[in-house]
Structure formats: structure tokens, C-alpha cells
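Count the sequence shown with my numbering and you get residues 63 to 246, in order. Note sheet for the following structure.
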Amino acid sequence: MQKEKLSALMDGETLDNELLNELERSSEMQKTWESYHLIRDTLRGDTSEVLHFDISARVMAAIENEPVRQTVPLIPESQPAPHQWRQMPFWQKVRPWASSLTQMGVAACVSLAVIVGVQQYNGQSDSSQQPEAPVFNTMPMMGKASPVSLGVPADASAGSGQQAQVQEQRRRINAMLQDYELQR
């Protein structure tokens, strides 16, 4: 009931002195009054003057309140003195190097297996498709050198096999030109 009266007071529909006195005394009513005004300003779009989105103080306080995790300081491995190094057995001298080389070798083998596996997997999918046409054809265009003049009669010696080959080459060239035009 109090919230309805508070809303009516805020809208200017009523002016109740008893409600104003209670608003002065009650901190809960003051918070409700403040939140109602914030809601009204938000609905009107007037929040730029009211709301300040500087949350740095709250973030700093949250960081301060966060529990501190204890970290164990790293203790560097002590290196043997030169006189101790000479007395150490061979395998103790080689062990750090061998462990590093073993780790790198395992990583290299795994990488090689992955690369070969991917290549084999991709190679199987290509074999099911039809072979592609050669990219570079070394056959001469006409099968032999021909005169450039229009007045020279054509050779009658050109067989039907050569003409079929020339027709096939022309068909391929036209297909390549069409592909080029479509790709532009």
C-alpha cells in the first residue's frame, strides 16, 4: 500500500503530508523513492545524467576482497660443482639431455604421423575422382608449321587424324576461354 502511495506522490496525483514525513524517516522508503525515479528516468531516456558507469571503484573493492592464493616459490635446481661433475657417472650427466631429446623425438614422431595420416586420407579421396586434364600441353597447335599467307593452298597431306587432333585442341582452347570468361 505504501508503494502505491509513493508512486502516486511521484506522479503528482496526491500530496500526503503523512507520507512525506514517513519518507523523511524511513531509509527503505527513500531507497524505493530513488529506484522509482531511476526507473522513470530510464523509461524516458534521461539516464545519461543520472547513471555513471564508472565501475572501477567496485572492481577494485572486489579485487581487494578476493582471497589471495598462496604461490609456492620456485626453487631453482642446484647445479653440481665442477669437482662433483667429474665424479658423476656418465648416465647422470647425459640424463637431462636424453630426456629433452626423447621429448622432442616423441613430438616429432607424433607430428610426422599426423602429417602422413592427413596426406594419406586426402590421397584416398582424390583417387576416386576422375583424373584432371593436363595443365600444360606441349603439342603444337596445328601439328606442324603452316604458312601464314591466305594465297598458299592448304596441304592435302594433312590426314584426318591430324584434323581430329586439331579440332580437339580447338575445343579445349574454347573451353578454357569460356572458363576464363566465367571466372572474371
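We put the CB at the ideal spot given by N, CA and C, even for glycine.
Exercise. Thinking C-alpha only, which one of 107, 74, 76 and 69 is nearest residue 93?
Worked result: Answer by Cα proximity: 69.
Exercise. Excluding the five sequence neighbours on either side, which residues of its own chain have a C-beta within less than 7 Å of the C-beta of residue 85, listed in chain order?
Worked result: For residue 85, where only same-chain residues beyond five positions count, the Cβ hits under 7 Å are 91, 92 and 95.
For this session: Let me know the alpha helix (DSSP H) ranges lying completely inside the segment 125-167, each 4 residues or longer, listed in chain order.
Result: Taking 4 residues as the shortest admissible run, the segment 125-167 contains the following complete alpha helix (DSSP H) segments, listed from N- to C-terminal end: 144-149.
Exercise. Between the beta-carbon of residue 98 and the beta-carbon of residue 72, is there less than 8 Å?
Worked result: One thing to note: residue 98 has its Cβ within 8 Å of the Cβ of residue 72.
Exercise. Secondary structure at residue 278, three-state DSSP: helix, strand or coil?
Worked result: Since the first residue of the chain shown is 63 and the last is 246, residue 278 is not available in this structure.
Exercise. Rounded to a whole number of angstroms, what is the C-alpha to C-alpha distance between residue 161 and residue 169?
Worked result: Computed Cα separation, rounded: 12 Å.
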